[in-house]
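Participant: A single structure is presented below for examination.
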Amino acid sequence: MTKVNVIITPKGSILDPHGRAGEAALKSRGYAVERVRVGKFIEVTVPEEDREKAKALVDKFCTELLVNQAMEDYRLEVEE
Numbered sequence: 132m133t134k135v136n137v138i139i140t141p142k143g144s145i146l147d148p149h150g151r152a153g154e155a156a157l158k159s160r161g162y163a164v165e166r167v168r169v170g171k172f173i174e175v176t177v178p179e180e181d182r183e184k185a186k187a188l189v190d191k192f193c194t195e196l197l198v199n200q201a202m203e204d205y206r207l208e209v210e211e
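Each position in the sequence shown, counted from 1, maps to that position plus 131 in my numbering.
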């Protein structure tokens, strides 16, 4: 089995109210931050030992179902 992490973030052109709220809260507490973006994290375990095949399978999941590509970007990280 292989675990693949999917990190989903709003596209740069998309308004991110959660990120703005987080940024404002951090700044109001005196933290120096440039930008905060809030996204999603999905952990997928597939019954595939080959890491590249597992990554390709999860990529297919993303393009078909998990990610709204009009509004979101994503990246995949295969765990060791």
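In this text, a Cβ means the ideal position worked out from N, Cα and C, and glycines have one as well. Given the structure is predicted, the values throughout are model-derived calculations rather than measurements.
Give the single residue among 190, 167, 181 and 165 whose Cα lies nearest to the Cα of residue 173.
Facilitator: Your numbering for residue 173 matches position 42 in the sequence shown. When only C-alpha atoms are compared, the closest one is 190.
Participant: Looking at C-beta atoms only, is the number of pairs between the region 190 to 206 and the region 149 to 166 that lie closer than 8 Å three or more?
Facilitator: No, the region 190 to 206 is not in contact with the region 149 to 166.
Participant: So for residue 141, helix, strand or coil by DSSP?
Facilitator: Along the sequence shown, one-based indexing puts residue 141 at 10. It is a strand residue.
Participant: For a test of the three-state rule: what should DSSP assign to residue 146, helix, strand or coil?
Facilitator: Against the sequence shown, residue 146 aligns to sequence position 15. Three-state result, residue 146: coil.
Participant: Using a Cβ-Cβ cutoff of less than 7 Å, which residues in the same chain neighbour residue 142 once the five nearest sequence positions on both sides are dropped?
Facilitator: The count along the sequence shown starts at 1 and reaches residue 142 at position 11. Counting only Cβ-Cβ distances below 7 Å, and skipping sequence neighbours, we find 202, 203 and 204.
Participant: If you draw a straight line from the C-alpha of residue 208 to the C-alpha of residue 135, how long is it?
Facilitator: Here residue 208 is taken as the residue at index 77 of the sequence shown, counted from 1. Here residue 135 is taken as the residue at index 4 of the sequence shown, counted from 1. The straight-line gap from Cα to Cα measures roughly 6 Å.
Participant: Terminal residues of the continuous beta strand (DSSP E) containing residue 206?
Facilitator: Within the sequence shown, numbered from 1, the residue matching residue 206 stands at position 75. Residue 206 -> beta strand (DSSP E) spans 203 to 209.
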